[in-house]
Every structure is written in C-alpha cells, then in structure tokens.
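Read top to bottom, the protein sequences are chains F and V. If you read the first sequence in full-length UniProt numbering, its first letter stands for residue 1, the second for the next number, and so on. If you read the second sequence in full-length UniProt numbering, its first letter stands for residue 1, the second for the next number, and so on. C-beta atoms are modelled at their ideal positions from N, C-alpha and C, and glycine is treated no differently.
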Amino acid sequence: MLAQALEHLVAGIVEHPDDVTVRTRQQRRGQLLQVHVHPDDLGKVIGRGGRTATAFRTVVSALADDNVRIDFVDVDER
Amino acid sequence: MSEAESKSGADESAETVGSVDLRLLEREGDIAADYLEGLLDIADLDGDIDMDVENDRAMVSVVGDGLDSLVGTDGKVLDALQDLTRLAVWRETGERTRLMLDIGGYRSRRKGELVELAKRAVETVRASGESESLGAMTPFERKIVHDAVAEAGLRSESEGVEPRRYVVVMPA
C-alpha cells in the first residue's frame, strides 16, 4: 500500500508520470522505498531545499506503521 | 438545454471574483480532489471531498472520521499534503495556486482557536498598555491572528524568523 500511495503522489506532480516506479526493499530497520523518476523530474520531486522530498516522507510516514525510508533516484541509475 | 446547464456553461466563463477567474479556482479544486481521492482509495481511508471558493482561493476539504493520521501533530501532515496537492494542481494548470486544504475540520477548528487567542491578547494589551508576543505560527495562522486583531481595533506585527515567526499585538 505504501509504495502504491507514494507512486500515486509522485506521479501526480511530475511531467513524466509513466516513468515513475517505486520499489520496496525490506531492511533491518524498516522498509526502504526507492522512487525512480525521469531525470528531468528529479529536481521537482526533491524541491527547493528538499522541501518536496520532505513532504513525501511526512505523508508516507503518516500512513506507515513502521519506520520508512524514501530515496529518490532518476531512472538512469539502476 | 436546461436553465441550470446554461448557467454553468458559457456564461460563467466571464464570471470573476475580484481579479480571480472562478473557473480556474473550480478547476484547481477538481484536480486537487482527484489527487486526494486517489490517495484515500489506496490508503483505504473513508473521506468525502468538499470544494468551495473562499477569499479568492480554492478550498478543498476532506471530511470524515479517522483522518487524524493525515492531519498529524500540529497539522504537519496536512501541510505536507497541501504542498503536494498544490504541485499537482500546478502541473495541470501551469499556474501557481494558493489552494487551501483542510482535513477532518482541522483548519476550521484551529481558526476558531486562533481568533479566541487573538481576542484574549487584545484584552490583555488593552488592560496593560504593553505589547504581547504570541507563540510561533505558520503564515496562514498569523494571517488569521492579524485579521482578528485588526478587527478588534489594535495593531499587530510579525517578528522572528521562520519557522519560529510569531505575532506581536501592540497597544493602540
């Protein structure tokens, strides 16, 4: 559910919504959600001073029971 | 075409609130509602979405019980979701929006509390003749306090640096 919610939130604000994918990795200290976006959209999902990335983290953490980490990467870095 | 349809049709394109295009504000509300409904569906949360135009802004409210998680401590989650919703609107319209989001009635309750707080500060300042500083608030909250103080006939200013900026109520 978290990955799907995050994908919806990210896809709704970027110029290339079809390029958005979210992968979930289980880590010892909780889940890691890895958000892949089109290279042109990376600045937009991070935002000035990381403000937008923080907003995604705040909303997703509110929906999560456990600790969640979110990383943003562009689709070229796989 | 029924009368109702003709009213919401071409005639309305010329209708403006001050300098603001009402149709743009309604469109902003629709885009925001789609974005938020998608999130509610995925998160399996129940909420109805109301749309309104208030003070030349689109106002979108998610109404329902069990939405506390989307409000968060001091409305932090709500503010984050409002930022994201504004970005979603911006992508579709190409225009910056001042859209306000409310969830579970948080902002309207908070507004009532802030107006009461402002009234009490005005009484204190009137009695003492000295300025009084209030606690740190967001820009939206400060605006509510400034308006309430002005309504009561006193002056106020904001001091300090974000996010610790606060209102000072001053004697007449």
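Please look up how many angstroms separate the CB atoms of residue i and residue j, rounded, as I've assumed it's under 8 Å.
i	j	result
Y166 (chain V)	G135 (chain V)	6 Å
R86 (chain V)	T93 (chain V)	11 Å between Cβ atoms; not a contact.
D66 (chain F)	Q34 (chain F)	So it is not a contact: roughly 17 Å between Cβ atoms.
D74 (chain F)	P39 (chain F)	4 Å
D102 (chain V)	S69 (chain V)	The pair is not a contact, with the Cβ atoms about 15 Å apart (cut-off 8 Å).
List the residues of chain F whose Cβ lies closer than 7 Å to the Cβ of residue i, in chain order.
i	result
I42 (chain V)	M1, Q4, A5 and H8
V77 (chain V)	T58, V59 and A62
L70 (chain V)	A62
Just to confirm before moving on: does the CB-CB distance between residue i and residue j stay below 8 Å?
i	j	result
D46 (chain V)	G29 (chain V)	no
V20 (chain F)	H36 (chain F)	yes
A62 (chain F)	G72 (chain V)	yes
A33 (chain V)	L99 (chain V)	no
V115 (chain V)	I144 (chain V)	yes
T54 (chain F)	V45 (chain F)	no
A43 (chain V)	A5 (chain F)	yes
D48 (chain V)	V63 (chain V)	yes
Can you look up residue i in the DSSP assignment and give me helix, strand or coil?
i	result
L154 (chain V)	coil
E54 (chain V)	strand
I49 (chain V)	strand
R98 (chain V)	coil
A33 (chain V)	helix
I70 (chain F)	strand
L67 (chain V)	coil
A136 (chain V)	strand
G75 (chain V)	helix
H38 (chain F)	coil
I13 (chain F)	coil
V20 (chain F)	coil
G30 (chain F)	strand
E162 (chain V)	coil
D41 (chain V)	helix
Say whether chain V places a C-beta atom closer than 8 Å to the C-beta of residue i.
i	result
L63 (chain F)	yes
I13 (chain F)	yes
What does residue i touch in chain V if you count any residue whose Cβ is under 8 Å from its own?
i	result
T52 (chain F)	D83, L84 and L87
Using 8 Å as the limit for Cβ to Cβ distance, is residue i near chain F?
i	result
L39 (chain V)	yes
V169 (chain V)	no
A172 (chain V)	no
A80 (chain V)	yes
Determine the chain F residues that contact residue i at a beta-carbon separation under 8 Å, and present them in chain order.
i	result
R91 (chain V)	G12, I13, V14 and E15
residue 175 (chain V)	Outside the displayed span of chain V (1 to 172) sits residue 175 (chain V), for which this structure offers no information.
Give a single yes or no on whether residue i has its beta carbon closer than 7 Å to a heavy atom of the ligand NAD.
i	result
L42 (chain F)	With respect to the ligand NAD, the structure offers nothing, as it holds no ligand at all.
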